[in-house]
Each structure stands twice: as C-alpha cells, then as structure tokens.
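Residue numbers (the working numbering): 2 to 304.
A virtual CB, placed ideally from N, CA and C, is assigned to each residue, including glycine.
All values reported here derive from a predicted model rather than from experimental measurement.
Just below is one structure, and these are the notes that go with it.
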C-alpha cells in the first residue's frame, strides 16, 4: 500500500553527471529503508570545485572554505549533501559532519581504450589524477602523459575525438556512471595505489541534525568509515609538510586494517609503505605511517 503524505527530505549535490549518479544511488538506497519519506535531489552549481589530486594542491589554504552546498545545508534548504570522499577537503567546517559512509565501490583505477601492453610508444594517455599519472609513468615511461583534470564526460569527449589514445579514470566513477563496459584493464592497486577515499560516497549533514543523522545511519558501513579515516589521516599528515601527489588505500582483512600508501615526488621513484592494526585505531595507523614515511632517507622536499 502506498504511503500517503510522505515527509520530504532534500539531498543536495553538485550539478555534474558523476555526483548526480552518486546522489541517485543514495536516494534509492534510503528510499528502500524509508518508504514513509520522499527523497528529492537538488543539484547545485559550484563556483569553485577544488579537486583532491590537483597539481600542488595545498589543503591548508582551504581549511575554512565553504561552498554553495554547505551554505544551503546551513540555511536548511537541503537536508544532507552527497560527497565523493576522494574530492573532500581534509578538514571540514566544525558545524558539519560526515554522518554516514556507503560501502566502498571498486577503488582501483582503470584503463579505457587499450591494455597496457598494447599501448604504442609515444602514445598520448589522458589522466584525471596527477597521482595516477605519476605512478603510471614508472610502468610506461615511453608514453606521453596528459593531465585532464575535468568532468569525466569532457574527458571521454576528448578521448573519442582522438586527442588521447587511451584514458585512465577511477573504476568506481565509471561504474557509478554505468560505463563499466568501457574498461579495458584494471590497474594493479599494489603499484597504482589509488587516491585516498577513492570509491567512497559519504553523506554530510549539519553537526546538530540528529534526526537526519539517525536516518542516514541505516546505510552507514563501518569498515568503509575506518578505511577512509586511515587514508585521510595519512594524507593530512603528509600535506602538512609537502604538497605532492599521495596515494593511500586501506582494506580490512581478517579483522585487521591494512594500509598501503605511496608518495610520488616530482623527481625520483615513488616511495611505497604499508602498515596494519585494529580498525578502531584507523587514524593513528595513518598518522604513524606518515611519520615513518617522512623520516625515510630516500624522501625529501626536493626528491
């Protein structure tokens, strides 16, 4: 029987194809749990959308930044925001919180248009992530790397026009957009360690919005939360010293959180590291591994 006089809740999201696909997933998931609610999506055009992996991105500059979505949240014109954790600032304003994390989608990066061994020397490959480009270059230094940090639809248009011979994008992003069939090869996550938070959707609410937090808690996934905490803690500690491409990927295996990381300096080989511990100690695991990596003799600001 249909529920009459449903209560309305509004999900805010950036007005781009990928965030809208993520918001649709959140809306459909919440609707399955709460038939008494009507969940609407409100797309908002952002003026400044800082990307987590943009070149020389200094997180400290944006620690107190806000955007149109958070202004709408504060004014109660929306009830929550759907966030791609990969693109989130490492520090959020004190009056908002990430109230729920959905189970992680595939965190790997993926090659579209060719397999690695079939890429010809001097081919032009487009990347939407500086980190992934730097790591891929260690595997295939004979190709031409192009950084194409922009909306995925625009990257695909340039690929199909022949500007790139192949492109590398997040597998999760492709799956959320229904483009999984475009994937030619998944990249080895032990070498191409993903960006922190890749493949994770979180829901942001006002810090005092207890009712909304209770609603979204139904779809919260603790293992994903712990993995995100470890990854972001690692990057936060590194970026307090150096603004360089950083990868961090955590998994929970046999009740242990396993964290693998990489630093990709502008010159020299990438520096890999790993650690493990109890999921409840996720932030500490990330912080302590960052301290170890920064003390490594093979790493310096000029490396």
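Are the beta-carbon atoms of residue i and residue j separated by less than 8 Å?
i: residue 122; j: residue 143; result: yes
i: residue 124; j: residue 138; result: no
i: residue 41; j: residue 82; result: no
i: residue 156; j: residue 170; result: yes
i: residue 270; j: residue 193; result: no
i: residue 235; j: residue 262; result: yes
Give the secondary structure of residue i by DSSP, where H, G and I count as helix, E and B as strand, and everything else as coil.
i: residue 68; result: coil
i: residue 127; result: strand
i: residue 193; result: coil
i: residue 288; result: helix
i: residue 260; result: strand
i: residue 244; result: coil
i: residue 87; result: helix
i: residue 265; result: coil
i: residue 41; result: strand
Rounded to whole angstroms, what's the CA-CA distance from residue i to residue j? Just pull it up for me.
i: residue 73; j: residue 87; result: 22 Å
i: residue 260; j: residue 101; result: 21 Å
i: residue 287; j: residue 230; result: 8 Å
i: residue 1; j: residue 224; result: An answer regarding residue 1 cannot be provided, because it is not within the stretch 2 to 304 covered by the chain.
i: residue 207; j: residue 117; result: 45 Å
i: residue 212; j: residue 19; result: 27 Å
i: residue 177; j: residue 184; result: 13 Å
i: residue 244; j: residue 126; result: 24 Å
i: residue 172; j: residue 6; result: 40 Å
i: residue 77; j: residue 15; result: 17 Å
i: residue 115; j: residue 186; result: 8 Å
i: residue 239; j: residue 264; result: 9 Å
i: residue 31; j: residue 221; result: 11 Å
i: residue 197; j: residue 140; result: 21 Å
i: residue 35; j: residue 216; result: 8 Å
Residues in its own chain within less than 7 Å of residue i by CB, not counting five upstream and five downstream?
i: residue 195; result: 108, 109, 110, 248 and 250
i: residue 28; result: 12, 40 and 42
Note the first and the last residue of the continuous alpha helix (DSSP H) segment covering residue i.
i: residue 235; result: 223 to 240
i: residue 273; result: Residue 273 -> not in any alpha helix (DSSP H); beta strand (DSSP E) instead, spanning 272 to 278.
i: residue 33; result: 18 to 34
i: residue 161; result: 153 to 161
i: residue 212; result: 211 to 217
Below 8 Å CB to CB, which residues in the same chain sit around residue i once its five sequence neighbours on both sides are set aside?
i: residue 227; result: 251, 253, 258, 280, 281 and 283
i: residue 8; result: 37, 38 and 39
Determine, using beta carbons only, whether residue i comes closer than 8 Å to chain B.
i: residue 154; result: Looking for chain B here will not work: only one protein chain is present.
How far does the beta strand (DSSP E) with residue i in it reach, from first residue to last?
i: residue 176; result: Premise fails: residue 176 lies in the alpha helix (DSSP H), 172 to 177, not in any beta strand (DSSP E).
i: residue 185; result: 184 to 187
What residues in its chain sit with their C-beta under 6 Å from that of residue i, if we drop five residues either side in the sequence?
i: residue 80; result: 10, 11 and 213
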